[in-house]
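The structure under discussion appears below in the form of structure tokens.
Numbering (this note's numbering), first residue to last: 1 to 250.
Written out as structure tokens, the structure is:
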């Protein structure tokens, strides 16, 4: 595992819990709609590990920055505490420990707007070759990672990154991801939600200097998925959150 200089912000989601979950499997975009093909830089990340997962899989979301480079959340590619609470300095007050990274070759990225068949759909997938992180042992201010793929993603769409400044309070973003919906734990179609407001920018209460808080959208993630600025550029990745309030997922 190599260290990488990751400068994008980390989006924490607006929720009521003081201690927020970091789980990747049960995350969901609240009140989401189908994500169009124009957002195909957003990919599904699957972790296949017959030993660790008992023959099963676990899923997250990522964003293609180049045909071989995927941006995602650190807890999507590592074994971590299941909950995290952080202070305004980006230090943990509860949980948030990164224990170890997954084996890179057990991680796959799938392209497309529809959920693949994980047996015959491997032509849409590229396997990870290397995991790149900040090297931090905490998720606080560091829940971000890159996957270097073994080969370029076929017909890859690339997401631009906003370079002219970080998130701004009250600007609106679009979140996209592969989390569960009201109807299915494995939705057939990728989901999105637009018009999500940036409520606070760190450093602030429970937000480190590299983090910002979104209004109701994914509430515990679609972990690793993007927060797109109105320009269409990536502003940050979705990290942690608690239960959504006042709405059902999907």
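No residue lacks a Cβ here, since even glycine has one placed at the ideal position from N, Cα and C. Predicted model, so just to flag it, every value in this text is computed and none were measured.
Within 9 angstroms of any Cβ in chain C, is that where the Cβ of residue 59 sits?
No chain C appears in the structure shown, which is made up of a single protein chain.
List the DSSP bridge partners of residue 211.
10
Coil, strand or helix - residue 204 by DSSP:
strand
Residue 146 lies in the beta strand (DSSP E); which residues open and close that run?
145–149
Span of the beta strand (DSSP E), counted from its first residue to its last, around residue 101:
98–101
Cβ atoms of residue 86 and residue 206: under 9 angstroms apart, would you say?
yes
If you draw a straight line from the alpha carbon of residue 232 to that of residue 61, how long is it in whole angstroms?
17 angstroms
Determine the burial state of residue 142: buried for a count of at least 16 other Cβ atoms within 10 Å of its Cβ, exposed for fewer.
buried
Whether residue 139 touches residue 77 by CB criterion (9 angstroms):
no
Going by DSSP, what residue range makes up the beta strand (DSSP E) through residue 86?
83–86
Residue 79 burial status per 10 Å Cβ neighbour count (16 or more: buried)
exposed
Touching or not, the stretch 156–170 and the stretch 87–95, by the rule of three or more beta carbon pairs under 8 angstroms?
no
Residue from 43, 145, 170 and 240 with nearest C-alpha to residue 108:
43
May I ask you to list the residues that DSSP assigns as paired with residue 197?
172
Measuring alpha carbon to alpha carbon, tell me which residue in 209, 96, 155 and 176 is nearest residue 30.
176
Pick helix, strand or coil for residue 44, following the three-state DSSP scheme.
strand
For residue 155, the nearest candidate out of 33, 100, 148 and 37 (CA to CA)
37
Less than 9 angstroms between the C-beta atoms of residue 149 and residue 127, yes or no?
yes
According to DSSP, simplified to helix, strand and coil, what is residue 163?
coil
Just the Cα atoms here: how many angstroms apart are residue 235 and residue 196?
13 angstroms
Could you tell me the distance, in whole angstroms, from the CA atom of residue 230 to the CA atom of residue 10?
17 angstroms
Closest by CA to residue 226, which one among 96, 130 and 144?
144
Decide if residue 32 is buried, meaning its Cβ has at least 16 other Cβ atoms within 10 Å, or exposed.
buried
On a Cα-Cα basis, can you pick out the residue from 134, 151 and 173 that is closest to residue 210?
134
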